[in-house]
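Novice: For the numbering used here, add 5 to where a residue sits in the sequence shown, where the first one is 1. Built from N, CA and C at the ideal position, the CB exists for glycine as well. Below you'll find the structure I mean.
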Amino acid sequence: MGRLRIEHGLVLPMDPPGATIADGVVVVEGGEITYVGAASAAPSGERAEVLDATGCLVLPGLVNAHTHVSMTLLRGYADDLALEEWLGGKIWPAEMRLRREDVYWGAMLGIVEMIRGGVTTFNDMYHYFDAVADAALDAGIRACVSGVLIGLIPGADEIFQQAVEFTAALKERAHPRLVPMLAPHAPYSCPDELLVRTAEAAAELGVRLHIHVAETEREVTDSLAEHGATPVGHLAQLGFFDVPTVACHCVHLTDEDIAILAERQVGIAHCPTSNMKLASGFARVADLLRAGACLGLGTDGAASNNNLDMFEEMMVGAVIAKGHAGNPEVVSAVEMLAMATRGSAAALGLDHQIGTLAPGKKADIVVIDPWRPHLQPLHNPISHLVYAARADDVRDVVIEGSVVLRDRQLTSLDEGEIIAKAREAAEHLVGA
């Protein structure tokens with residue numbers, strides 16, 4: 006990694022949210038940002054690769070706070086179903102046929118989609134998590150990886166041990182773009198003993214937990230019947246939140262739940278499109294923001310979304326929050342863009358490295374081309390990014406100082422091969 010200058014764009018550092026720098030420059034050295042500011046005060050550009058961003062928007066890489074990236078293989082396989090039927094009747098039976106190579110090529114397909122859409126970091130939970138890690142390394146993207154732990158399946162103890170060993174090895178390896186986590190699937194699919202054991206292992210290893218929480222009304226009703234507490238309340242009683250946690254969905258929350266999540270600064274991954282498609286419900290986004298909760302944004306998997314487009318996710322998340330609250334002033338475009346960048350980074354415990362453009366941060370940067378009919382006239386760039394932009398408006402993507410997408414062309418990945426291999430893997434799973 007050498008020196009890189011991104012010049013003459015409208016820079017949105019997201020530090021603070023809403024700030025802009027006209028005719029801005031971002032200087033990168035050795036994978037880190039060394040300067041963000043006006044071109045007139047920028048250091049010399051000698052011996053630097055230059056990305057001319059004239060007329061473009063320059064912002065931090067988007068952070069997908071929750072996905073199952075290899076579920077690209079099941080895109081369109083099971084639609085128009087409630088979560089319980091979708092999982093138990095279609096998805097889990099198909100996943101029983103997964104091979105390691107299927108997960109790798111499904112991950113590569115999803116990573117290509119995300120890079121093209123300006124995502125520079127994703128947080129994943131899936132089977133064959135080592136294959137997802139390998140895909141992230143090969144593709145040059147930043148990833149939090151964790152193997153899904155389900156207490157209801159044969160071999161659960163063995164899978165738990167494998168996950169702990171892999172997490173320990175990855176933690177020791179300390180690769181700058183790979184962050185291990187431990188991921189019990191959900192309170193309803195993991196007995197208390199597994200939840201507690203996983204939390205203890207995460208605390209010992211110094212990693213975060215990644216879990217689905219309060220995704221459906223039925224989950225909450227069942228938890229109240231079995232434990233006398235909501236899923237959030239039950240996890241708090243178990244001491245689960247004593248360990249830093251990424252809690253995904255968090256749709257059906259009481260006021261007390263919100264207070265617990267905010268007080269414990271649990272990272273929340275809001276997945277509005279998936280929540281709507283599965284009719285899981287409306288998350289209380291405005292209330293969570295008002296309470297000071299740590300709120301990020303995720304796509305969930307492509308089998309329940311059905312894409313990994315974080316621009317679409319921002320738009321859906323913003324308009325649904327307004328409609329649910331009956332108030333067009335809640336969850337502004339600035340707040341939603343913050344959720345997709347610095348908020349998601351904080352939810353993953355990575356806000357010291359990514360999520361904003363600032364000296365000392367990792368050089369994860371996206372250049373947006375607004376010279377397209379749906380983005381003109383450019384009255385309000387942040388409004389356009391949230392309410393009008395699409396994944397294919399991304400022109401350039403930089404991850405840790407390396408240009409992985411230049412002029413909409415992948416610089417090191419064979420997209421045709423990846424699509425072909427993913428199609429073969431999907432055919433193995435579902436015969437389609």
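Using 8 Å as the Cβ pair cut-off and three pairs as the minimum, do the segment 42-57 and the segment 216-231 touch?
Specialist: The answer is no - the segment 216-231 does not touch the segment 42-57, with fewer than three Cβ pairs under 8 Å.
Novice: Exposed or buried, which one is R147 when buried takes at least 16 other CB atoms within 10 Å?
Specialist: In the sequence shown, residue 147 corresponds to position 142, counting from 1. Classification for R147: buried.
Novice: Smallest Cα separation from F457: which of L266, L353, D162 and D85?
Specialist: No answer is possible for residue 457: the residues shown for the chain start at 6 and end at 437.
Novice: Does the beta-carbon of P192 have 16 or more other beta-carbons within 10 angstroms, so that it is buried, or is it exposed?
Specialist: Position 187 of the sequence shown, counted from the first residue, corresponds to residue 192. So P192 ends up on the buried side.
Novice: Just to confirm, are C149 and V117 a CB contact at a threshold of 9 Å?
Specialist: In the sequence shown, residue 149 corresponds to position 144, counting from 1. In the sequence shown, residue 117 corresponds to position 112, counting from 1. It is not a contact, given that the beta carbons lie outside the stated cut-off.
Novice: In the DSSP output, what is G152 paired with across the bridge?
Specialist: Counting from 1 along the sequence shown, the entry for residue 152 is found at position 147. DSSP output for G152 lists Y131 as bridge partner(s).
Novice: Does the beta-carbon distance from D143 to M113 come in below 9 Å?
Specialist: The residue given as residue 143 occupies position 138 in the sequence shown. The residue given as residue 113 occupies position 108 in the sequence shown. Contact flag set, yes.
Novice: Can you list, in chain order, the residues of its chain whose CB lies under 8 Å from that of M344, leaving out five sequence neighbours each side?
Specialist: Here residue 344 is taken as the residue at index 339 of the sequence shown, counted from 1. Taken in chain order, the residues that qualify are H275, L300, G301, L302, M319 and G322.
Novice: Alpha carbon to alpha carbon, how far is S285 from E222? Give it in angstroms, no decimals.
Specialist: Your numbering for residue 222 matches position 217 in the sequence shown. Your numbering for residue 285 matches position 280 in the sequence shown. Between E222 and S285, the C-alpha separation is close to 7 Å.
Novice: Go to S407, then tell me how far its beta strand (DSSP E) extends in each direction, as first and last residue.
Specialist: Here residue 407 corresponds to residue number 402 of the sequence shown, with the count starting at 1. Where S407 is concerned, the enclosing beta strand (DSSP E) stretches over S407 to R411.
Novice: In the DSSP assignment, the beta strand (DSSP E) including R8 goes from what residue to what residue?
Specialist: Taking the first residue of the sequence shown as position 1, residue 8 is located at position 3. Note, R8: beta strand (DSSP E), R8 to V16.
Novice: Report yes if the CB atom of K367 is closer than 9 Å to the CB atom of G111, and no otherwise.
Specialist: On the sequence shown, residue 367 is found 362 positions in, with the first residue counted as 1. On the sequence shown, residue 111 is found 106 positions in, with the first residue counted as 1. Cβ distance not < 9 Å, so K367 and G111 don't count as in contact.
Novice: Does DSSP put T226 in a helix, in a strand, or in coil?
Specialist: Locating residue 226 in the sequence shown gives position 221, where the first residue counts as 1. Of the three classes helix, strand and coil, the one that applies to T226 here is helix, per DSSP.
Novice: With DSSP as the reference, please indicate the residues paired to N69 in a beta bridge.
Specialist: In the sequence shown, residue 69 corresponds to position 64, counting from 1. Paired residue(s): F127.
Novice: Taking the DSSP output, what are the residues bridged to Q358?
Specialist: Counted from its first residue, the sequence shown places residue 358 at position 353. None, per the DSSP bridge assignment.
Novice: Tell me the residue span of the beta strand (DSSP E) that contains P185.
Specialist: To locate residue 185, count along the sequence shown from 1; it is residue 180. Taken as a continuous stretch (DSSP letters only), the beta strand (DSSP E) holding P185 covers L183 to P189.
Novice: Taking 8 Å as the threshold, find out whether the segment 24-31 comes into contact with the segment 340-359 through three or more Cβ pairs.
Specialist: Verdict: no, contact absent.
Novice: Got a sec? Which residues, its chain only, sit under 6 Å from V16 by beta carbon, not counting five neighbours each side?
Specialist: Residue numbering aside, residue 16 sits at position 11 when the sequence shown is read from its first letter. Cβ neighbours of V16 beyond the five flanking positions: I26, G29 and V63.
Novice: Going by the CB atoms, is the gap between D129 and V74 shorter than 9 Å?
Specialist: Here the question's residue 74 lines up with position 69 in the sequence shown. Here the question's residue 129 lines up with position 124 in the sequence shown. Taking 9 Å as the Cβ cut-off, V74 and D129 qualify as a contacting pair.
Novice: Go through its chain and collect everything with a Cβ distance to I39's Cβ below 6 Å, but skip five positions before and after it.
Specialist: As a position in the sequence shown, residue 39 is number 34, starting the count at 1. Reading off the sequence, residue 39 comes out as Thr, not Ile. V32 and P364.
Novice: Are L78 and D107 closer than 9 Å when you measure CB to CB?
Specialist: The sequence position of residue 78 within the sequence shown is 73, counting from 1. The sequence position of residue 107 within the sequence shown is 102, counting from 1. Contact flag set, yes.
Novice: Start and end of the alpha helix (DSSP H) containing D305?
Specialist: Here residue 305 refers to the residue found at position 300 of the sequence shown. Neither: D305 is in no alpha helix (DSSP H) and is coded neither H nor E.
Novice: Across which residues does DSSP place E54 in a beta bridge pair?
Specialist: Position 49 of the sequence shown, counted from the start, is the residue given in the question as residue 54. In the DSSP output, where bridge partners are listed per residue, E54 has L9.
Novice: According to DSSP, which residues form a beta bridge with Q414?
Specialist: Looking up residue 414 in the sequence shown gives position 409. Paired residue(s): R411.
Novice: Report the residue from R105, M19, G66 and T203 whose alpha carbon sits nearest the alpha carbon of F127.
Specialist: If you number the sequence shown from 1, residue 127 lands on position 122. Cα-wise, what sits closest to F127 is G66.
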